[in-house]
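Step one of this worksheet: look at the structure below.
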Amino acid sequence: SLMDKGNYKHFMAKEIHEQPEVLGHTLSRYFDYTTNTANVAGAEKLNFNKLSRLLISACGTAYLAGLVSKYWFEKYARLPVEIDIASEFRYRETPVSGNDAALFISQSGETADTLASLRYCKENGAAIGAVVNVPESTIAREADMVYPTIAGPEIGVASTKAFTCQLAVLAALALQAGRERGVLSAEREQELVSELTEIPSLALKALAAESEIEKLSQPLSKADNALYLGRSTNYPLALEGALKLKELSYIHAEGYAAGELKHGPIALIDENMPVFVIAPYDSIYEKTVSNMQEVAARGGRIVLITDRKGAEESGGAAENTVIMPDMSDIVAPIIYALPVQLIAYHTAVFMGTDVDQPRNLAKSVTVE
Ligand code: G6P
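Its first residue numbered 241, the sequence shown is counted upward by one per residue in UniProt numbering.
If you want it as structure tokens, here you go:
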């Protein structure tokens with residue numbers, strides 16, 4: 241049954257490994273592969289071509305999916321995104337009007353702060369879209385339009401497959417917005433969609449790094465602190481990596497935009513500090529690698545998550561390297577989420593913590 245761990249020790253492991261399949265289901269709902277276009281039913285409710293900005297609000301890992309999508313909406317649709325954590329958004333008294341559209345992202349569809357933010361935007365006349373995994377949830381019911389993730393039930397408290405499926409839906413919405421706003425050419429859209437079709441097979445290849453990740457997680461489980469660095473869409477992933485380490489293995493971890501290293505966290509670097517650097521070989525790779533070298537010069541122990549070319553160009557600064565398959569920019573945050581999840585999972589297993597039910601945490605936070 242769906243509530244069964246199958247051959248896995250934990251629901252979290254099962255849910256991580258389900259990603260190639262559930263990403264395939266979610267993508268095929270939102271993309272038309274005969275024409276290689278984004279095909280989001282109900283996208284017109286958000287009036288993409290009339291918006292001057294898009295509001296996004298969510299909590300926890302769902303918020304970090306929204307933060308990745310900000311880069312996409314801005315890059316591919318030239319649509320400015322204002323994103324905030326729902327517990328802040330709901331009390332900020334930010335101006336919202338009938339000219340706005342707001343997106344709320346939630347696995348459970350029941351998170352109290354996200355729901356309150358939705359109600360605030362609705363009362364102020366905004367069009368409301370919801371990216372949810374539970375279609376009969378309160379957030380789904382109260383939205384004008386629901387864009388469901390097809391992740392299936394997620395039992396592990398720490399969100400994994402729901403996160404990557406949220407990213408898949410948000411990528412479709414961003415490309416749809418780009419087309420409707422007249423900024424994405426038909427050729428470019430087709431190219432991006434055909435790149436996105438690679439996701440299920442790339443996710444399978446990414447999972448092949450698991451035994452390598454398991455090995456490097458054992459020494460990590462003895463660390464008291466860890467740092468995650470990334471730029472661009474890998475910055476939200478750095479935040480996600482740190483969040484997962486805190487949640488699952490109770491290791492104090494921080495995620496930072498690699499460019500902010502100099503403005504604080506570099507003071508923490510010494511030989512006891514593991515530093516995870518997420519840096520595929522893309523247009524910003526050189527910048528991230530130079531931050532990585534600053535960490536290496538201070539004795540920090542680096543785990544570099546990159547691709548074949550990125551490993552070659554890294555100048556030997558990393559103590560461990562996790563190699564991902566080659567992929568295009570738009571799919572990278574979805575695929576690089578997998579090693580980040582596996583690092584937290586295996587570290588927690590070595591620590592002996594309750595992976596599916598970490599202390600003090602709840603799957604669905606329905607009270608403030
Ligand atoms: C809790 C869970 C997280 C989740 C967050 C938001 O903190 O432990 O995994 O990301 O709530 O939940 P939602 O259901 O709104 O996505």
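Where a beta carbon is used, it is the ideal one built from N, C-alpha and C, also for glycine. Quantities reported herein were computed from a predicted structural model and do not represent experimental measurements.
For P514, list the residues DSSP reports as bridge partners. Within the sequence shown, the letter at position 274 stands for residue 514. According to DSSP, which records beta bridges pairwise, P514 is partnered with R541.
So which residues put a beta carbon under 7 Å from any heavy atom of ligand 1, going in chain order? Taken from the N-terminal end onward, the list reads A298, C299, G300, T301, A302, I345, S346, Q347, S348, G349, E350, T351, T354, V397, A398, S399, A402, E487, L601, A602, K603, S604 and V605.
Just grab the DSSP bridge partners of F271 for me. Taking the first residue of the sequence shown as position 1, residue 271 is located at position 31. According to DSSP, F271 bridges with A278.
Does DSSP classify A298 as helix, strand or coil? Taking the first residue of the sequence shown as 1, we reach residue 298 at position 58. A298 falls in the strand class under three-state DSSP.
D464 (DSSP reduced to helix, strand or coil): Taking the first residue of the sequence shown as 1, we reach residue 464 at position 224. DSSP places D464 in coil when its eight states are reduced to three.
Which complete alpha helix (DSSP H) runs does the stretch 424-499 hold, if anything under 4 residues is left out? Counting whole runs of 4 or more residues, the stretch 424-499 contains the alpha helix (DSSP H) stretches 426-436, 439-447, 450-460 and 474-489.
Please go through the same chain and pick out, in chain order, the residues whose beta-carbon is closer than 7 Å to the beta-carbon of T593, but skip the five residues on each side of it. For the purposes of this step, residue 593 is identified with residue 353 of the sequence shown, where counting begins at 1. Only L488, S489 and Y490 meet the Cβ criterion.
Could you pull the start and end residues of the alpha helix (DSSP H) that V580 belongs to? Position 340 of the sequence shown holds residue 580. Counting along the chain, the alpha helix (DSSP H) containing V580 begins and ends at A572 to M591.
What three-state label does DSSP hand D353 in the structure shown? Numbered from its first residue, the sequence shown carries residue 353 at position 113. Three-state DSSP puts D353 in a helix.
When the Cα of A537 is compared with those of P598, M513, K603 and T351, which residue comes out closest? The residue given as residue 537 occupies position 297 in the sequence shown. With distances taken between Cα atoms, A537 lies closest to M513.
Over the uninterrupted alpha helix (DSSP H) stretch that includes residue 218, give me the two end residues. In this structure the chain extends from 241 to 608, so residue 218 is not present and cannot be described.
Can the beta-carbon of P388 be found less than 9 Å from the beta-carbon of V409? Position 148 of the sequence shown, counting from 1, holds the residue named residue 388. Position 169 of the sequence shown, counting from 1, holds the residue named residue 409. Taking 9 Å as the Cβ cut-off, P388 and V409 qualify as a contacting pair.
Environment of D353 [buried if 16+ CB atoms lie within 10 Å]: Taking the first residue of the sequence shown as position 1, residue 353 is located at position 113. Looking at its Cβ environment, which holds 16 or more other Cβ atoms inside 10 Å, D353 is buried.
In this structure, what does DSSP give as the bridge partners for E322? Here residue 322 refers to the residue found at position 82 of the sequence shown. In the DSSP assignment, the residues bridged to E322 are L295.
Does the pairing of the stretch 397-416 with the stretch 244-255 give three or more beta-carbon distances under 8 Å? Contact between the stretch 397-416 and the stretch 244-255 is present: 3 or more CB-CB pairs across the two stretches fall below 8 Å.
Same chain, Cβ closer than 6 Å to Y303, five either side skipped, listed in chain order: Here residue 303 refers to the residue found at position 63 when the sequence shown is read from its first residue. Answer for Y303: I325, listed in chain order.
Distance CB(L483)-CB(A497) smaller than 9 Å: Start at 1 with the first residue of the sequence shown, and residue 483 comes out as number 243. Start at 1 with the first residue of the sequence shown, and residue 497 comes out as number 257. Taking 9 Å as the cut-off, the Cβ atoms of L483 and A497 do not count as close.
So, with DSSP's three-state summary, where would you put I563? One-based indexing of the sequence shown puts residue 563 at position 323. In this structure, I563 counts as strand in the three-state DSSP scheme.
The alpha helix (DSSP H) enclosing L407, as first and last residue numbers: Sequence index remark: in the sequence shown, residue 407 carries index 167 (1-based). Counting along the chain, the alpha helix (DSSP H) containing L407 begins and ends at K401 to E420.
Roughly how many angstroms separate the alpha carbons of G418 and G540, rounded to a whole number? For this step, residue 418 is matched to residue 178 along the sequence shown. For this step, residue 540 is matched to residue 300 along the sequence shown. Computed Cα separation, rounded: 41 Å.
Terminal residues of the continuous alpha helix (DSSP H) containing A380? Against the sequence shown, residue 380 aligns to sequence position 140. T378 to E382 is the span of the alpha helix (DSSP H), which, as asked, contains A380.
Cβ distance (whole Å) where N339 is taken to contact R421 below 8 Å: Here the question's residue 339 lines up with position 99 in the sequence shown. Here the question's residue 421 lines up with position 181 in the sequence shown. Not quite, the Cβ-Cβ distance comes to about 15 Å (not below 8 Å), so this is no contact.
Between which residues of its own chain and L442 is the CB-CB distance below 7 Å, once the five residues before and five after are set aside? If you number the sequence shown from 1, residue 442 lands on position 202. Take L442, set aside five residues on each side of it, and the residues of its chain with a beta-carbon closer than 7 Å to its own are P565, M567, V571 and I575, in chain order.
Between the Cα of T301 and the Cα atoms of S523, E435 and K486, which residue gives the shortest distance? To locate residue 301, count along the sequence shown from 1; it is residue 61. Nearest C-alpha to T301: K486.
Are A519 and M532 closer than 9 Å when you measure CB to CB? Looking up residue 519 in the sequence shown gives position 279. Looking up residue 532 in the sequence shown gives position 292. Yes, these two residues count as a Cβ contact at 9 Å.
By a C-beta neighbour count over all protein chains shown, 10 Å radius and 16 as the cutoff for buried, is Q458 buried or exposed? For the purposes of this step, residue 458 is identified with residue 218 of the sequence shown, where counting begins at 1. Under this definition Q458 is an exposed residue.
Report yes if the CB atom of N373 is closer than 9 Å to the CB atom of S346, and no otherwise. What you label residue 373 is simply residue 133 of the sequence shown in a count that begins at 1. What you label residue 346 is simply residue 106 of the sequence shown in a count that begins at 1. Contact: yes.
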